[in-house]
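If you read the sequences in order, they're chains A and H.
Positions in the first sequence are counted from 1; adding 9 to them yields the numbering used here.
Positions in the second sequence are counted from 1; adding 106 to them yields the numbering used here.
In this text, a Cβ means the ideal position worked out from N, Cα and C, and glycines have one as well.
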Amino acid sequence: MKTRLLLVPALLLGLTAPARAAELTLSVSAGVFLPQQPFYRQIYGSSIPLSFEAGWEFKGGFGLSAGLTALRDDGRAVAVSGEGEEYPLRFERLTVPLMIHFSPKVKGFTLRLAAGLAGHFYRERWRTVDLGFEGRTIGPRLGLAVGFPVLGRLSLFGSLIYEPLSAKSAPPPEEKVELGGVLVLGGVILRVL
Amino acid sequence: MLFLSLPQDRPVGLIKILKDEGPVWTVLQRLQVDVRQELETCFLALAGGEEQLGLLWAGADFTVIERNARSKEFFLVPLDAPEALGSLRDRGRAEAVEPGTAVFWTEDGSSAGALPPDLPRKPLPVRTVLPYLGTPVIVPGTSSVPFSWDPLIGQISGRASESGLRSLVQSLQDFQTRYASTPNCEAAGDFIHDTFSSLGLDEVRFEPFTFSGGYKSRNVIAEKTGKVYPRDILIICGHYDSTSPAATRQTLAPGADDNASGTAAVIEAARALSPFPLDFTVRFIAFSAEEWGLYGSRDYADKARATGESILGVINLDMIAYADALPEELEVIVNAPSEWLAERLAAAATLYADLEARKRIDASIVYSDHAPFWDRGYHALLAIEDHPLQNPYYHKTTDTIDKLHFGFFLASARASLALLAELAQPVREGHPRTPAGLTAKPIVYRSLFQTAKSARLSWSAQGDAVGYNIYRTSLSHVDYLKLNPTLITATTYTDGLLRTDLPYFYAVTAVGFSGLESNRSKEASVAPESPALTVPAQWPGSIQILRVR
C-alpha cells in the first residue's frame with residue numbers, strides 16, 4: 010500500500026517533467042503545530058515547526074513542491090496511576106512532503122491549494138532512562154496558502170497544512186497513536202527563476 | 107451423592123475447550139464461562155447453548171463431551187493403558203480429554219460406585235474455578251543464584267529421623283485399614299490428633315466433613331502460629347486414609363507407602379519444627395477420604411478460599427517411601443503457577459537431603475490432595491516417589507512397611523521439611539526482626555509510544571534495624587536480585603522503570619547494628635499492566651508464570 014502511495018507523486022512528477030519550469034521558488038517558514046490527539050497535547054502541547062520547501066510551477070498554475078519540515082518538542086511522561094516521578098521526554102519528527110499544487114492569482118495575491126504525500130520519520134526518547142521508540146510512515150498532506158509580493162522576487166505567505174498521521178505504539182499492547190494535526194506556518198518565498 | 111450445582115432452568119453441556127497461546131483465557135473471562143477444571147491442554151467447562159454460541163463466535167476451539175450434564179457426577183481418571191478407555195466404557199460413559207486423562211460418568215448419576223475401586227479419581231469441582239485460572243505471563247530467564255547451605259535449616263531438617271518415621275508408619279499400619287468411613291480410619295485420626303497434641307504445637311483440631319452421599323470423616327489439623335505473619339499460612343499435608351481391593355478394604359488396607367509414608371513425614375515435620383519459633387504460620391494436615399476422591403482436601407481448600415485464608419504454599423506428600431530403583435528420585439509435580447515451589451524443593455533436596463528431586467509441570471496430574479488447592483487458586487506441589495507409579499503393592503493388602511526404602515523415605519522427608527523450614531523462616535537469634543507491612547504500589551507512566559511502570563514500596567520500620575535491603579524477582583520466591591548497592595535507611599523505595607508486561611515480586615530485609623540481616627519479609631507484588639492479560643482478583647495466586655530459559 011505504501012509503495013503504491015509513493016508511486017502516485019512519482020508518476021505525476023514524471024508526467025510534468027518534460028514541461029519547462031516556468032517558475033522555481035524557495036520558501037522558509039515557521040509557525041505552530043496543533044496536534045490532533047488529546048494525549049499528544051497532554052504530553053507535548055503545541056510545538057514550533059520549521060519548514061523549507063522548493064516549488065516548481067508550470068503552465069496554468071499547476072506545479073510540484075517538495076521540502077522538509079522539522080519538529081521537536083519536550084514533554085513529560087504521564088503518570089496514569091497515581092503521582093509519580095518526573096520522566097522527561099523528547100519527540101522529534103522530520104517530514105518530507107511531495108505535493109502537487111494549483112496556484113491561481115487572485116487580485117495580486119497568490120492562492121495555493123496543495124495535496125500530496127509526506128514521508129514521516131519520528132522518534133521519541135525518555136531522556137533519563139534507556140527507553141525510546143523510532144518509526145517512519147507515509148501519510149497524506151493537504152495545504153492551503155496565501156502569498157503576496159513585498160519586494161521584487163520576495164513574497165510573504167501564510168499557510169495551513171493538515172496531515173493525518175497514524176502510527177502504532179510499541180507492544181504490548183499495540184495501540185494507535187495519532188501524530189498528525191494542523192500546521193499553521195508563516196514565512197517568505199523567494200522566486201529564483 | 108455429589109452432583110454438579112447447576113441452574114435448573116436450562117440445558118447445560120460438559121465441553122472441552124482447547125488451550126491456545128493466550129486469547130482463550132481472555133475469552134473465558136469475558137464470557138464468564140463456568141470452567142470446572144484446568145488440565146494441561148484444555149479446560150472442562152459447563153456451558154449452555156448461549157455460552158457455546160459465544161465461544162464459537164469468539165473463535166474458541168471446543169467440543170461437546172456430554173450434551174446434558176445436569177444431575178450427573180463427572181470424574182477425572184487416569185488412562186494408563188490403551189485399553190483403559192474401553193474398560194471404563196464397560197462401566198459407564200467415558201471420553202478421553204487428553205492423552206492420559208479421561209472423564210467418566212454414568213447416565214443415572216452413580217459414577218463413584220461404577221468406577222473401579224482402586225482407580226485414582228478426582229470429581230470435577232462443584233463450583234467454577236474461573237476466578238482462579240492462571241493467565242500466562244512469559245518471564246524471561248534470569249541467572250538463578252543457587253541457594254546456599256543454611257546451618258539452621260540443616261539443623262531442623264536433620265531432626266527428622268528414620269526411627270521416628272518407622273515408628274509412625276508402623277503405628278498407622280497397625281490400624282489394619284484406614285479406609286475412610288471405617289471406624290479404624292477414625293481411630294487412626296484420633297492417633298494422629300494425639301500425636302500432634304504431644305508436640306507442643308499452638309493448636310490441634312479435627313475438621314469433620316461429609317462426603318459421597320453422607321459418609322463422615324475428619325481432617326486432622328495442627329498449627330504452629332507465625333510470630334511475624336500469623337495469618338499467612340504454609341501447609342504440609344498428606345492423606346492418612348488408605349484403600350485396597352473392594353473385597354478387603356473394609357478390613358485390610360495397610361497403606362504403608364500410600365500414604366502412611368506421607369502422613370508420617372508430616373508428623374515428623376511437626377516434631378522437628380515444634381521447638382523453633384517461625385515467622386510464618388505452618389499447618390500440618392492429615393487429610394481423609396483422599397482415596398474416595400480427594401474429599402477431605404477439597405472440603406478444606408473450598409473453606410479456605412471462602413474465608414479468604416492466605417495460603418502461601420502447599421506441600422503435599424503422597425507415597426514418598428518406595429524405591430523401585432536406586433538411586434531413587436523424588437518426583438515433584440506442580441502446575442505452572444506453582445513452579446517456584448518445585449524449584450525450591452529441588453534446591454532443598456540437593457542441599458539438605460542429598461536427594462535429586464525432579465520437577466514436572468503438569469496440570470493434568472490431579473489425583474492427590476494438591477489438586478483441590480490448584481482448583482481454588484493456591485500454589486501447591488505433589489511430592490511422590492514415581493509418576494507413573496512403579497510400586498507393585500499400590501492399593502493392595504501387601505503395601506506394608508517391609509516394602510519401604512527408609513533411606514529414600516528419610517531423604518524425601520528431610521527435603522520436604524527443609525523446604526517448609528526455609529519458607530516458614532525460623533526466627534534467628536541476634537538477627538533483626540523480619541520486616542512486616544511491605545506494600546508495592548505500581549505507578550504506570552505513558553509516553554506517546556511506550557508504557558513503563560515503577561513500583562513504590564513501603565514497609566513498617568523495625569526498631570532494631572539500621573537499614574534495609576530490597577530484593578526483586580519476576581518469579582515468585584526464586585532468583586531474587588538485590589536492588590540497593592548501599593543500605594536504605596528510609597522505609598520507602600521506588601523501583602523504576604520496569605517493564606509493564608512482567609510481574610515483579612519484592613521482599614525486604616532489615617539489617618541490624620551488628621550487620622546481621624533478618625529473614626525476608628512476605629513478598630509484595632505488582633502485576634503486569636497489559637490489558638491483554640486480564641489479571642484476576644486473586645493476583646498473585648492466579649498468575650501463571652511461564653519461564654523461558
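Residues of chain H whose Cβ lies closer than 7 Å to the Cβ of residue 138(A) are, in chain order, 603. Per DSSP, residue 524(H) is one residue of the alpha helix (DSSP H) stretching across 512-530. Closer than 7 Å at the C-beta level to chain A, one finds these residues of the region 559-573 of chain H: 560.
Residues of chain H with a Cβ closer than 7 Å to the Cβ of residue 86(A) are, in chain order, 551, 552 and 553. Following the DSSP letters along the chain, one finds residue 203(H) inside the beta strand (DSSP E) bounded by residues 199-204. By the neighbour-count criterion, in which 16 or more other beta carbons inside 10 Å mark a residue as buried, residue 56(A) falls on the buried side. Pairing residue 70(A) with residue 138(A), the inter-Cα distance amounts to about 51 Å. Using a 10 angstroms sphere on the CB of residue 202(A), the tally of other CB atoms stays under 16, which defines it as exposed. Exposed is the label assigned to residue 162(A), since fewer than 16 other Cβ atoms lie within 10 Å of its Cβ. For residue 557(H), the closest alpha carbon among the candidates 82(A), 141(A), 153(A) and 75(A) is that of 141(A).
Chain H places a beta carbon closer than 7 Å to that of residue 186(A), counting this residue as a contact. The beta carbon of residue 56(A) does not come within 7 Å of any beta carbon belonging to chain H, so the residue lies off that interface. Contact note: residue 90(A) reaches chain H through 548, 549 and 550, using a C-beta cutoff of 7 Å and chain order. In the displayed model, residue 289(H) falls within a helix according to three-state DSSP. Residues 85 of the same chain have their beta carbon placed closer than 7 Å to that of residue 95(A), with the five preceding and five following residues left out of the count. At a cut-off of 7 Å between beta carbons, residue 135(H) makes no contact with chain A. By the neighbour-count criterion, in which a residue is buried when 16 or more other Cβ atoms sit within 10 angstroms of its Cβ, residue 107(A) is buried. Put simply, the CB of residue 556(H) is near chain A, with a gap under 7 Å to one of its CB atoms. When Cβ-Cβ separations below 7 Å define contact, residue 142(A) makes contact with chain H. In the structure shown, residue 325(H) adopts extended strand secondary structure according to DSSP, grouped into three states.
When Cβ-Cβ separations below 7 Å define contact, residue 175(A) makes no contact with chain H. Taking all protein chains in view, the Cβ of residue 83(A) is surrounded by fewer than 16 other Cβ atoms within 10 Å, so the residue is classified as exposed. In the DSSP assignment, residue 158(A) is bridged to 164(A). Distance between residue 515(H) and residue 449(H), taken at the CA atoms: about 20 Å. The Cβ neighbour count for residue 174(H), taken over all protein chains shown within 10 Å, is under 16; the residue is labelled exposed.
Chain order gives the chain H residues near residue 98(A) as 553, where near means a beta carbon separation below 7 Å. Secondary structure at residue 143(H): strand, using DSSP grouped into helix, strand and coil. Per DSSP, reduced to three states, the secondary structure at residue 271(H) is helical.
In the DSSP assignment, residue 631(H) falls within the beta strand (DSSP E) that extends over 630-632.
Counting other Cβ atoms within 10 Å of its Cβ, residue 296(H) stays below 16 and is therefore classed as exposed. Classified as exposed, residue 124(A) has fewer than 16 neighbouring CB atoms from the shown chains inside 10 Å of its CB. Listed as beta-bridge partners of residue 117(A) by DSSP are no residues whatsoever.
Unbroken alpha helix (DSSP H) runs of no fewer than 4 residues, entirely contained in the region 380-454 of chain H, are found at 396-399 and 401-412, following chain order. Contact with chain H is absent for residue 101(A), since none of that chain's Cβ atoms lies less than 7 Å from the residue's Cβ. Note that the region 483-502 of chain H touches the region 434-450 of chain H; at least 3 beta-carbon pairs, one per stretch, sit closer than 8 Å.
Approximately 4 Å separates the beta-carbon atoms of residue 517(H) and residue 461(H); this is inside 8 Å, confirming the contact.
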